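Colleague: At position 64 of the sequence shown (counting the first as 1) the number is 525 in the working numbering, and the numbers step up by one without a gap. What follows is a structure written as structure tokens; I'll ask about it next.
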Amino acid sequence: MSILYLTEQNTTVSKEGGRLLIKKEGVVSHTVHLFKLDQIVLFGNIFLTPGVIRYVLTEGIDVAFMTRRGKYLGRLQGALGKNIVLRREQFRKMEDQAFSLRTARSIVKGKLTNLRAVLMRLNRTRESVELDDLILQLRNLISKVDEVENLDSLRGYEGRGTALYFEGFSKGFLAEDFEFKGRVRRPPTDPVNALLSLGYTLLLNQVIAAVSLVGFDPYFGTLHSIDYGRPSLALDLMEEWRPIIVDTLVLSVFNLKVLTPSDFEERPVVEESEPDEKGERSKSEDRGEGEGEVGSAAQAEGKKVSIVLTEAGFRKFITQYERKMSEKVQYHLTKEQMTYRDSIREQVRHFARYLKGEEDDYKPMLLR
462 MSILYLTEQN TTVSKEGGRL LIKKEGVVSH TVHLFKLDQI VLFGNIFLTP
512 GVIRYVLTEG IDVAFMTRRG KYLGRLQGAL GKNIVLRREQ FRKMEDQAFS
562 LRTARSIVKG KLTNLRAVLM RLNRTRESVE LDDLILQLRN LISKVDEVEN
612 LDSLRGYEGR GTALYFEGFS KGFLAEDFEF KGRVRRPPTD PVNALLSLGY
662 TLLLNQVIAA VSLVGFDPYF GTLHSIDYGR PSLALDLMEE WRPIIVDTLV
712 LSVFNLKVLT PSDFEERPVV EESEPDEKGE RSKSEDRGEG EGEVGSAAQA
762 EGKKVSIVLT EAGFRKFITQ YERKMSEKVQ YHLTKEQMTY RDSIREQVRH
812 FARYLKGEED DYKPMLLR
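As structure tokens, this is what we get:
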């Protein structure tokens, strides 16, 4: 299956036979065969004709809408999934405090184990005493997860583990042009944070699509508390994948110099509410949507600025992200070789079997 990413602004997508026609100012710039098309992701001002909308709804092709800078806005969705039995079981089990806590423990343990694995990989070449200590602290946290007796405490463990991890993550960048001092989401204040935020948002889009495909309600989870507009279950099932897919990708694009300082720019923060990769709404900026001061001029006036990708940098990162998602790995439950994208779907199906009592435990995908 394949995904179509569209980033060129003010283009129109129409359908002709078994193809999509991508047009700008009436001129066809690209054609895309509909065969095996799984998802369309639109960034900014991209227009779908009624014929395309009707086709994607009929064929069940997922369409996600993002701002030009990659903030998730929503999706075009057909009739609600017919698997009411699964959703009823989801609601029933997630209301069960013991089951919900056991599930959240597995999710947190999987995430922390993968965070530790990334630091261990870094330490093979860095041989850092600081990394040694952080790896040990993460191991100690992981060993205590099964003893945690409530969700609030478990969230505290997850938060502490993530903070430790990002202390060590900063040691992973070889390029002197990029410096990472810590995780900053709103707004990202450096290129590393800009890519982490964009990568997590793209990943969340993939998980929401998989969760919806299997038949779950993406908004009713366990580790992430239920809140208006927060896709809690999708965020829960995304946790194990953050370090595996996004964090390793961000390290590689900087260390291999796929992206350089010229691929980033400063933008003033616009007073606007958009959901971020945590499913929260906050003030943020959007790249190129309307007038705005660019670069140090905004800083000179004391305005809050955000670091974002340029148009060219954005396309580069989307290309690298798609390559990552298309990499084949051994899926841990079946030992089959499959892409990361397919592995995410298999994990959601595994979660469904676990929820229905067909499997005893939820087993996160672990980084080897």
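Just so you know, even glycine gets a beta-carbon here, dropped at the ideal spot from N, CA and C. Predicted, not measured: the structure shown is a model, and the values here were computed from it.
#1: Kindly confirm or deny that the stretch 706-716 and the stretch 630-640 touch, where touching means at least three C-beta pairs closer than 8 Å.
#2: What distance in whole Å lies between the Cβ atoms of residue 671 and residue 806, which are believed to be in contact at a cut-off of 8 Å?
#3: Among the residues of its own chain, which have a CB less than 6 Å from the CB of residue 638, if the five just before and after it don't count?
#4: Going by beta-carbon coordinates alone, are residue 495 and residue 479 separated by less than 7 Å?
#5: Enumerate in chain order the residues of its own chain whose CB-to-CB distance from residue 466 is below 6 Å, with the five nearest sequence positions on each side excluded.
#6: Is it the case that the Cβ atoms of residue 526 and residue 468 are separated by a distance below 7 Å?
#7: Closer than 6 Å by C-beta to residue 554: which residues in its own chain qualify, once you throw out the five before and the five after it? Chain order, please.
#8: Rounding to the nearest angstrom, what Cα-Cα distance links residue 566 and residue 615 in this structure?
#9: Can you confirm whether the stretch 619-630 touches the stretch 595-603 when touching is taken to mean that 3 or more C-beta pairs between the two stretches lie within less than 8 Å?
#10: If you draw a straight line from the alpha carbon of residue 572 to that of residue 484, how long is it in whole angstroms?
#11: Among 827, 564, 551 and 656, whose alpha-carbon lies nearest the alpha-carbon of residue 701?
#12: Verify whether the separation of the beta carbon atoms of residue 801 and residue 666 is less than 7 Å.
#13: Rounding to the nearest angstrom, what Cα-Cα distance links residue 544 and residue 521 in this structure?
#14: Can you tell me the Cα-Cα spacing of residue 539 and residue 500, whole angstroms?
#15: Counting pairs of Cβ atoms below 8 Å between the stretch 668-683 and the stretch 773-789, do you hit three or more?
#16: How about the stretch 768-778 and the stretch 678-687: do they share at least three Cβ pairs that are nearer than 8 Å?
#17: Quick check: what's the CA-CA separation for residue 680 versus residue 523?
#18: Using 8 Å for Cβ pairs, my map puts residue 809 next to residue 675. What's the rounded Cβ distance?
#19: Please classify residue 752: is it buried, with 16 or more other beta-carbons within 10 angstroms of its beta-carbon, or exposed?
Modeller: Concretely, from the data shown:
#1: Taking 8 Å as the limit for Cβ pairs, the verdict is that the stretch 630-640 does touch the stretch 706-716.
#2: Position 345 of the sequence shown holds residue 806. Position 210 of the sequence shown holds residue 671. Indeed they touch by this definition, with Cβ atoms about 5 Å apart.
#3: Mapped onto the sequence shown, residue 638 falls at position 177. The residues are 722.
#4: For this step, residue 495 is matched to residue 34 along the sequence shown. For this step, residue 479 is matched to residue 18 along the sequence shown. Yes, these two residues count as a Cβ contact at 7 Å.
#5: Translated into the one-based positions of the sequence shown, residue 466 becomes position 5. When the five nearest sequence neighbours on each side are left out, the beta carbons in the same chain lying within less than 6 Å of the beta carbon of residue 466 are those of 502 and 779, in order along the chain.
#6: Indexing the sequence shown from 1 puts residue 526 at position 65. Indexing the sequence shown from 1 puts residue 468 at position 7. The Cβ-Cβ distance between residue 526 and residue 468 does not fall below 7 Å.
#7: Position 93 of the sequence shown, counting from 1, holds the residue named residue 554. Contacts found: 560 and 816.
#8: Along the sequence shown, one-based indexing puts residue 566 at 105. Along the sequence shown, one-based indexing puts residue 615 at 154. Straight across, the Cα-Cα distance linking residue 566 with residue 615 is about 7 Å.
#9: yes
#10: The count along the sequence shown starts at 1 and reaches residue 572 at position 111. The count along the sequence shown starts at 1 and reaches residue 484 at position 23. Taking the straight line joining both Cα atoms gives about 42 Å.
#11: As a position in the sequence shown, residue 701 is number 240, starting the count at 1. Among 827, 564, 551 and 656, the Cα nearest to that of residue 701 belongs to 827.
#12: Counting from 1 along the sequence shown, the entry for residue 801 is found at position 340. Counting from 1 along the sequence shown, the entry for residue 666 is found at position 205. No.
#13: One-based indexing of the sequence shown puts residue 544 at position 83. One-based indexing of the sequence shown puts residue 521 at position 60. Cα to Cα, the separation comes out at about 15 Å.
#14: Here residue 539 is taken as the residue at index 78 of the sequence shown, counted from 1. Here residue 500 is taken as the residue at index 39 of the sequence shown, counted from 1. Taking the straight line from one Cα to the other gives about 13 Å.
#15: The stretch 668-683 is not in contact with the stretch 773-789.
#16: no
#17: Here residue 680 is taken as the residue at index 219 of the sequence shown, counted from 1. Here residue 523 is taken as the residue at index 62 of the sequence shown, counted from 1. Cα to Cα, the separation comes out at about 17 Å.
#18: By 1-based counting over the sequence shown, the position of residue 809 is 348. By 1-based counting over the sequence shown, the position of residue 675 is 214. Contact between residue 809 and residue 675 holds, with the beta-carbon distance rounding to 5 Å and staying under 8 Å.
#19: Here residue 752 refers to the residue found at position 291 when the sequence shown is read from its first residue. Confidence at residue 752 is low in this model, with a pLDDT of 31, below 50, so its placement is unreliable and the value that follows should be read with caution. Under this definition residue 752 is an exposed residue.
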